[in-house]
Every structure is written in structure tokens, then in C-alpha cells.
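Trainee: Under our numbering, read the sequence shown as residues 6 to 460, first letter to last.
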Amino acid sequence: MTKRFSRLILVLVVLVVSAAFSQENETADPRALDQFIKGNVAAQQGNPYQAIYCFEEATHFDPSAPFLYVALAEQYLVLAQEDETAVSLQRAEKNIDKALELNPRHIPALELKSRLLASKGRSKQAKEVLETLCELDSTNSGYRAELLGLCLTSGDLDEVDSLYQILSADDEENELARRIVAIYLITGQSERALPYMEIIAQDDSTDAAVVYTLATLYLQTEDSARAQHEVDRAISLDSMDARFWYLKLVMEFDHDRFENVISLAERARAAAGEDARSANLEGLSYIRLADSTQAMERFTRALELDSTLYPAAGSLALLYDAQGSVEQSEKYYELAIEKSDSAAIYLNNCAYMYAVRAIKLDKAMQLVDSAIEREPDNSSYLDTKGWIYFQNTDHKNALKWIKAALKVDKNSAPILEHLGDIYNAMGKKARAKSAWEDALKSDPENVVLKEKLAR
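1. Please name the residue in Glu-287, Arg-183, Ala-220 and Ala-376 whose C-alpha comes closest to that of Ala-349.
2. Using three-state DSSP, classify Ile-407 as helix, strand or coil.
3. Might you give, ordered along the chain, the residues of its own chain that have their beta carbon closer than 7 angstroms to the beta carbon of Ala-239, omitting 5 neighbours on each side?
4. Would you tell me roughly how many angstroms separate the C-alpha atoms of Val-46 and Cys-59, rounded to the nearest one?
5. Nearest to Lys-415 by CA position, among Asp-426, Lys-446 and Phe-395, is which residue?
6. Cα-Cα, which of Tyr-338, Ser-312 and Asp-280 is closest to Ser-320?
7. Leaving aside the five residues before and after Gln-333 along the sequence, list all residues of the same chain whose C-beta is less than 7 angstroms from its C-beta, in chain order.
8. Which of helix, strand or coil does DSSP assign to Ala-318?
9. Since Tyr-351 contacts Thr-389 with CB under 8 angstroms, what's their CB separation in whole angstroms?
10. Taking the continuous alpha helix (DSSP H) assigned at Ser-290, which residues delimit it?
11. Nearest by alpha-carbon distance to Ala-276: which of Asp-243, Met-301, Arg-303 and Ile-292 is it?
12. My output table needs one value for Asp-142: the three-state DSSP class, helix, strand or coil.
13. Express the C-alpha separation of Leu-224 and Arg-231 in angstroms, rounding to a whole number.
14. Give me the residue from Pro-381, Arg-149, Ala-247 and Val-165 with the minimum Cα distance to Glu-136.
15. Look up Gly-44 in the DSSP assignment and say whether it is helix, strand or coil.
16. Can you grab the Cα-Cα spacing for the pair Glu-196 / Gln-86, in whole Å?
17. Between Arg-306 and Ala-327, what straight-line distance do the alpha-carbon atoms span, to the nearest angstrom?
18. If you drop the 5 nearest sequence neighbours on each side, which residues of the same chain put their C-beta closer than 8 angstroms to that of Leu-172?
19. Whole angstroms are fine: how far does the CA of Met-202 sit from the CA of Leu-82?
20. Roughly how many whole angstroms lie between the Cα atoms of Glu-106 and His-234?
21. Rounded to the nearest angstrom, what separates Ile-57 and Thr-90 at their Cα positions?
22. Could you pull out every residue in the same chain whose Cβ sits closer than 7 angstroms to the Cβ of Tyr-359, ignoring the five residues on either side in sequence?
23. Residues in the same chain with beta-carbon distance under 6 angstroms from Ile-393, minus the five sequence neighbours each way, listed in chain order, please.
24. Distance, Cα to Cα, Glu-456 vs Phe-304?
25. Does the beta-carbon of Val-236 have 16 or more other beta-carbons within 10 angstroms, so that it is buried, or is it exposed?
26. Is it buried or exposed, Gln-40, if we count other Cβ atoms within 10 angstroms and call 16 or more buried?
27. What's the call for Ala-284, buried or exposed, on a 16-neighbour Cβ count within 10 Å?
28. Tell whether a beta-carbon distance below 8 angstroms holds between Tyr-251 and Asp-280.
29. Quick one, are the C-beta atoms of Ser-119 and Ser-159 less than 8 angstroms apart?
30. Let's see if you can read the secondary structure: which residues bound the alpha helix (DSSP H) around Met-358?
31. Could you tell me the distance, in whole angstroms, from the CA atom of Leu-404 to the CA atom of Tyr-169?
32. Which whole-angstrom value describes the C-beta separation of Asp-88 and Phe-66, a residue pair presumed to lie in contact below a C-beta threshold of 8 angstroms?
33. Fully enclosed by the stretch 151–215, which alpha helix (DSSP H) runs are 4 residues long or longer?
34. Specify the secondary structure class of Lys-457 as computed by DSSP and reduced to three states.
35. Compute the Euclidean distance between the alpha carbons of Ala-418 and Pro-200, then round it to the nearest angstrom.
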């Protein structure tokens, strides 16, 4: 038995046999009951071997009593934790099946079977058993709670919502709601998480973290007005949490209010201290305001605060590239590639930096090939590869890859411009002019294209 499975076994709830089977005891053979009591004492003393011996003896005296086989199964499960072999587990399953063969509606056997199946990852079968238990005892909310938990882990989310409607009256502390929200947040189910988070927030309206989570869910479900209201409440409840300020900055940035981002970031620093993500967002805002000097300062500060923040490194690489500083651009691209686990965008951007300058073309080809391997249908990456071939004067392959890029994005002005450049280099002036004209339709203010067409 694997250690992983052994850990799963540990989550099984061992039933209290003596209490659960009191009614069955009344009809059992007295000799079987005697052995059952002895076995129960041994089990309480932590001696599963002795307990198993006594329960086995009990089944010899009364082979038709299901509760004896359930008791045996429980002790074999205890033993399975100790010896970590499949044998004990198989014997536990065999005894559960025997109990259900004698009485298919035997509740303790069904309870144990559902938990055992769940621990083995057999959610569908475990659900079927729990559904049977719900039919047998419709007043037992515990069965429905277990069923809800299984539905969460197996992804039956519609059933989760319907089960919660039944159980919500008993969820006074919102424990189930919190459990559901946690799973939905992990799996990115924002719309499903939202109504449960609203329930939690109603009872916890002064918990800043709860209000903040509600704000993020409103934002993710595109209810910006409510998101704004809730994030402002979160900040009013706890202005020293940088996460709350960052969310507010994101909302301002998404609405293109870049001056607001910068002024709010100053307030955030005063209240909650410096934050790497907020500094990065300031940098992006300065870029949109055409202030590259301030943008570089903010991106640099973001990396000082968090050296793993690869978006800031990628942005610095682009800015240094625009300034013609290849060495600095290389430095930050390499950092972005390393910290992002070789994200395709940084592989491509670095390759293109080399390609437009016709330097390090072998390295550029390696980089863009890695990018295309990750995102084979990205038109920008295909264009970069074509341009590397162009700089190597391999016009045939350049044309092949540029055309492949246009199949993905037929109206891209940069790619159409490159197509015209390739045709021009091949001496196909009419085709070059046609490609440049198409590019100008997509980018009518492009001065370079106008100059090429005016030649």
C-alpha cells in the first residue's frame, strides 16, 4: 500500500460500533455478542489484532449479523494504517461487502463503504452510496454535507448548489459556504463563488479580508460599481493592507485613469508601505502617459521590492530596447525569461530585438523556436521567425513564415509590412506595394509605410 493511500485512510471516520448497533445486538446470538463485546474492548485498547480475532469468532457463532462484519472491516482499516499493505484493505472491503450482502440497507456498512470509496478517489461510486443513505434517512444532514463535499471534489458543481439550498438552514456559522467558496476560488469559478461570498459577507461585514474577497469577485464578474464600493469599504476597515490598495489601483488602470493610479499609489505607500505590484502598475501607467523615465524608475523599484516580479523585468527590457541599449535589454529579458519559467512572450521579444538589429541571429532563432513550441499559433512569434530568416537573406523561408503568420492574423499592419519588405527584397515591386497598401489600411497614420509607398 502506498504512503499516499495510507494518508487517505487516515481521514476515515471510525464508527463507534457499540452505540451504532444496539438494536441489532438484541437479536444476535449471545455467544456472538460476548465475542463482540470482547472485540470492542480490544479495539478501545488499541489492539486491532485481538479485536479482529474476537470479531471473527463472533461471526462463527452468528454469520448472519451484518454489524459483526462492519466491526471487522473497521479493524482491518485500522490495521491497514499500521502495516501499509493491500491485504488488510482488501479484507476490510470484503467484510463491508459481506455486511451489505446480508442487508443492502445496512446503514453503518453503507457509511463505511462511502468513506472508503471516497478515500480511494472513487467519487462516483461514493456518491451513489451516499445517495442511498440520503434516501434511507432523509433527515440526516450529515449525509448531504458529505455528498456536497464529494460533488465539490468531483466537479459536479450544479449539484453542489442544489445541495446547499437544502443545507443552508443548518449552516449557521457559514462553514459550508466558506468551504464551497474556497474550492470555487481555487478552480476559478468566480460566478459560482459570488453568491456564497455574499452570504459570508452579510454575517461578517466588518472583516476587511472578507470584504476584499467580495470586491475581487465583483471585479472578476464585471460588476465594477460594486467592486469599487467593496474595495473602498475594505480600505476603510484596514488601510494598512497593500492588497486592498492594489485592487483599487487595478480598477483605476482598467478604466484608463492613469493619473489616478499614480496619485492613489502615493496614498497607498503612505498608508500601507511600498508594494512591488503597485510599483509595477505605476510603471505601466507612466508608459501610457508617455513618461518612460518615470516608468523605468517604478519598474526598477518594483524589482528591488520583489526580484521575481518578471512583468517588471519584461517592461524594462522593452524600454531599454526602445532606447537602443541592447546590453541592458538583454539583461532584463534574461531575468524575465528565468523568473517566468521561459514565458513565450519574453522569448519572442528578445528574439525580435536581435532580429531587427540583425545580431545574434542563431540565438534569436533558438529563442523564437522555443516561443513557437509553447504557442504555435501566435502570429507575432511566426512573424519574428520570418524576420530572422529575412535578416539572413533567406527570402524563401522568410516568405513561408510571414505567410503563416498572416493566416493567423491577416490584417496585422506589422506583418503585412514585413511581407512587403520581403517582396521588395526579392524584386517583386508590385506585390510589395500591394502588401504595404494593405498594411496602411490597418495603420493609416504609419509614416514609415507612407514613405515606402512614396518611393
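Note that beta-carbon positions come from the ideal geometry of N, C-alpha and C, so glycine has one too.
Mentor: In this structure, then:
1. Taking the sequence shown and counting its residues from 1, one reaches residue 349 at position 344. Out of Glu-287, Arg-183, Ala-220 and Ala-376, Ala-376 has the C-alpha closest to the C-alpha of Ala-349.
2. One-based indexing of the sequence shown puts residue 407 at position 402. For Ile-407, the three-state secondary structure derived from DSSP is helix.
3. For the purposes of this step, residue 239 is taken as the residue at position 234 of the sequence shown. The residues are Ala-213, Val-216, Tyr-217, Ala-220 and Phe-249.
4. Along the sequence shown, read from residue 1 onward, the residue named residue 46 stands at position 41. Along the sequence shown, read from residue 1 onward, the residue named residue 59 stands at position 54. Each residue's alpha carbon lies about 10 angstroms from the other.
5. Here residue 415 refers to the residue found at position 410 of the sequence shown. Selected option, being the one with the closest Cα: Lys-446.
6. Here residue 320 corresponds to residue number 315 of the sequence shown, with the count starting at 1. Considering only alpha carbons, the answer is Tyr-338.
7. In the sequence shown, residue 333 corresponds to position 328, counting from 1. Once the five neighbours on either side are set aside, the close Cβ partners of Gln-333 are Tyr-325.
8. Position 313 of the sequence shown holds residue 318. Correct three-state label for Ala-318: helix.
9. Here residue 351 refers to the residue found at position 346 of the sequence shown. Here residue 389 refers to the residue found at position 384 of the sequence shown. Tyr-351 to Thr-389, Cβ: 12 angstroms. No contact.
10. Sequence index remark: in the sequence shown, residue 290 carries index 285 (1-based). 281–293 is the extent of the alpha helix (DSSP H) around Ser-290.
11. Along the sequence shown, read from residue 1 onward, the residue named residue 276 stands at position 271. Minimum Cα distance to Ala-276 is reached at Asp-243.
12. Start at 1 with the first residue of the sequence shown, and residue 142 comes out as number 137. Assignment of Asp-142 by DSSP, reduced to helix, strand and coil, places it in the coil class.
13. Along the sequence shown, one-based indexing puts residue 231 at 226. Along the sequence shown, one-based indexing puts residue 224 at 219. Roughly 8 angstroms between the two C-alpha positions.
14. On the sequence shown, position 131 is the one that residue 136 refers to. The shortest C-alpha separation from Glu-136 is found at Arg-149.
15. Here residue 44 refers to the residue found at position 39 of the sequence shown. Helix, per DSSP.
16. Sequence index remark: in the sequence shown, residue 196 carries index 191 (1-based). Sequence index remark: in the sequence shown, residue 86 carries index 81 (1-based). Cα to Cα, Glu-196 sits roughly 40 angstroms from Gln-86.
17. Translated into positions along the sequence shown, residue 306 becomes position 301. Translated into positions along the sequence shown, residue 327 becomes position 322. The alpha-carbon of Arg-306 is positioned some 20 angstroms away from that of Ala-327.
18. Taking the first residue of the sequence shown as 1, we reach residue 172 at position 167. The answer, listed in chain order, is Ser-146, Arg-149, Ala-150, Leu-153 and Leu-181.
19. The residue labelled residue 82 in the question sits at position 77 within the sequence shown. The residue labelled residue 202 in the question sits at position 197 within the sequence shown. For Leu-82 and Met-202, the distance between alpha carbons rounds to 38 angstroms.
20. Here residue 106 is taken as the residue at index 101 of the sequence shown, counted from 1. Here residue 234 is taken as the residue at index 229 of the sequence shown, counted from 1. Using only the alpha carbons, I get a separation of about 60 angstroms.
21. Working through the sequence shown from its first residue, we reach residue 57 at position 52. Working through the sequence shown from its first residue, we reach residue 90 at position 85. Cα to Cα, Ile-57 sits roughly 16 angstroms from Thr-90.
22. What you label residue 359 is simply residue 354 of the sequence shown in a count that begins at 1. Once the five neighbours on either side are set aside, the close Cβ partners of Tyr-359 are Lys-365, Leu-366, Lys-368 and Ala-369.
23. Residue numbering aside, residue 393 sits at position 388 when the sequence shown is read from its first letter. These residues qualify, in order along the chain: Ala-360, Leu-366, Ala-369 and Met-370.
24. In the sequence shown, residue 456 corresponds to position 451, counting from 1. In the sequence shown, residue 304 corresponds to position 299, counting from 1. So the alpha carbons of these two residues sit roughly 35 angstroms apart.
25. Your numbering for residue 236 matches position 231 in the sequence shown. Burial call: buried.
26. Walking along the sequence shown from the start, residue 40 turns up at place 35. Label assigned to Gln-40: buried.
27. In the sequence shown, counting from the first residue as 1, residue 284 sits at position 279. It counts as buried.
28. Position 246 of the sequence shown, counted from the start, is the residue given in the question as residue 251. Position 275 of the sequence shown, counted from the start, is the residue given in the question as residue 280. Yes, they are a contact pair.
29. Numbered from its first residue, the sequence shown carries residue 119 at position 114. Numbered from its first residue, the sequence shown carries residue 159 at position 154. No, these two residues do not count as a Cβ contact at 8 angstroms.
30. Translated into the one-based positions of the sequence shown, residue 358 becomes position 353. Start and end: 349–362.
31. Here residue 404 refers to the residue found at position 399 when the sequence shown is read from its first residue. Here residue 169 refers to the residue found at position 164 when the sequence shown is read from its first residue. Distance between the alpha carbons of Leu-404 and Tyr-169 is about 59 angstroms.
32. Stepping through the sequence shown from its first residue, residue 88 is reached at position 83. Stepping through the sequence shown from its first residue, residue 66 is reached at position 61. Not confirmed; about 27 angstroms, so no contact.
33. 162–172, 180–191 and 195–208
34. Taking the sequence shown and counting its residues from 1, the one referred to as residue 457 is at position 452. Assignment of Lys-457 by DSSP, reduced to helix, strand and coil, places it in the helix class.
35. Your numbering for residue 418 matches position 413 in the sequence shown. Your numbering for residue 200 matches position 195 in the sequence shown. Ala-418 and Pro-200: Cα-Cα distance of roughly 45 angstroms.
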